[in-house]
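So the structure is just underneath, and the comments pick up after that.
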Amino acid sequence: MLNLSVESEILKVVRTTLCDTFSWFDKDDPLVVEQHVGQVYLFYSCLRASRGDQATTLLECRFNLDASEGWIGRLQVSSVFRLQGLGRELVLAAERISTLMDMREINIFPLVAAVDFWRKMGYTWKPRTARVLCKKVVRF
Numbered sequence: 246m247l248n249l250s251v252e253s254e255i256l257k258v259v260r261t262t263l264c265d266t267f268s269w270f271d272k273d274d275p276l277v278v279e280q281h282v283g284q285v286y287l288f289y290s291c292l293r294a295s296r297g298d299q300a301t302t303l304l305e306c307r308f309n310l311d312a313s314e315g316w317i318g319r320l321q322v323s324s325v326f327r328l329q330g331l332g333r334e335l336v337l338a339a340e341r342i343s344t345l346m347d348m349r350e351i352n353i354f355p356l357v358a359a360v361d362f363w364r365k366m367g368y369t370w371k372p373r374t375a376r377v378l379c380k381k382v383v384r385f
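Residue numbering for the sequence shown follows our numbering, starting at 246 and increasing by one per position.
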């Protein structure tokens, strides 16, 4: 389990995980990790997979430490780089980070057009919710 008391330590773990999991990762890509009371916020933007398009390839997550739940708030892949596996790789990175933060599950409130993508990634409808997909986090 990750010791979540030091923000710089969390940033180091996230950076290493992205480097190991996301093939398009560059150390100069914008990466923000902030720890707040009971929560860790992560924002990552991939510069190489954003060139040539107004939309940015990015991943935004929140990890609720008290509830042991991660949330992918936003996953976006630039239209120029779609269908190359970038979204899949970013989701796998978020899931790996969730594991390291000892989360029980990761959730998404998907756009209707993206439901098939999330279902292919193993997400299922969360019981007793209207529009939340979830996936249990696999322990390594």
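Don't be surprised by glycine CBs; every beta carbon is placed ideally from N, CA and C.
Euclidean distance between Cα positions of G330 and S313: By one-based count along the sequence shown, residue 330 stands at place 85. By one-based count along the sequence shown, residue 313 stands at place 68. Their Cα atoms are separated by approximately 28 Å.
Backbone CA spacing between T266 and I342 [nearest angstrom]: Position 21 of the sequence shown holds residue 266. Position 97 of the sequence shown holds residue 342. The straight-line gap from Cα to Cα measures roughly 10 Å.
Taking Cβ positions, are Y289 and L276 nearer each other than 8 Å? Sequence index remark: in the sequence shown, residue 289 carries index 44 (1-based). Sequence index remark: in the sequence shown, residue 276 carries index 31 (1-based). It is a contact, given that the beta carbons lie within the stated cut-off.
To the nearest whole angstrom, what separates the beta carbons of R293 and E305, a pair I think is in contact under 8 Å? For the purposes of this step, residue 293 is taken as the residue at position 48 of the sequence shown. For the purposes of this step, residue 305 is taken as the residue at position 60 of the sequence shown. About 18 Å separates the two Cβ atoms, so there is no contact after all.
Rounded C-beta distance between T344 and R384? I'm assuming under 8 Å. The residue given as residue 344 occupies position 99 in the sequence shown. The residue given as residue 384 occupies position 139 in the sequence shown. Contact holds; Cβ gap of about 6 Å.
Does W370 come out as helix, strand or coil in the three-state DSSP assignment? Translated into the one-based positions of the sequence shown, residue 370 becomes position 125. Note: W370 maps to strand in three-state DSSP.
Do you know how far the Cα of E279 is from the Cα of V259? Walking along the sequence shown from the start, residue 259 turns up at place 14. Walking along the sequence shown from the start, residue 279 turns up at place 34. Answer to the nearest angstrom: the Cα atoms are 11 Å apart.
Does W370 pass the burial test, meaning 16 or more other C-beta atoms within 10 Å, or should it be called exposed? Position 125 of the sequence shown, counted from the first residue, corresponds to residue 370. Flag for W370 reads exposed.
Leaving aside the five residues before and after S253 along the sequence, list all residues of the same chain whose C-beta is less than 7 Å from its C-beta, in chain order. Position 8 of the sequence shown holds residue 253. Within the same chain, S253 has no close Cβ partners at all.
Considering S253, what are the terminal residues of the alpha helix (DSSP H) in which it resides? As a position in the sequence shown, residue 253 is number 8, starting the count at 1. Element bounds for S253: 252–266.
Note the first and the last residue of the continuous alpha helix (DSSP H) segment covering L331. Looking up residue 331 in the sequence shown gives position 86. Residues 331–345.
Given a cut-off of 8 Å on the beta-carbon distance, is the pair L303 and Q321 in contact? For the purposes of this step, residue 303 is taken as residue 58 along the sequence shown, with counting starting at 1. For the purposes of this step, residue 321 is taken as residue 76 along the sequence shown, with counting starting at 1. It is a contact, given that the beta carbons lie within the stated cut-off.
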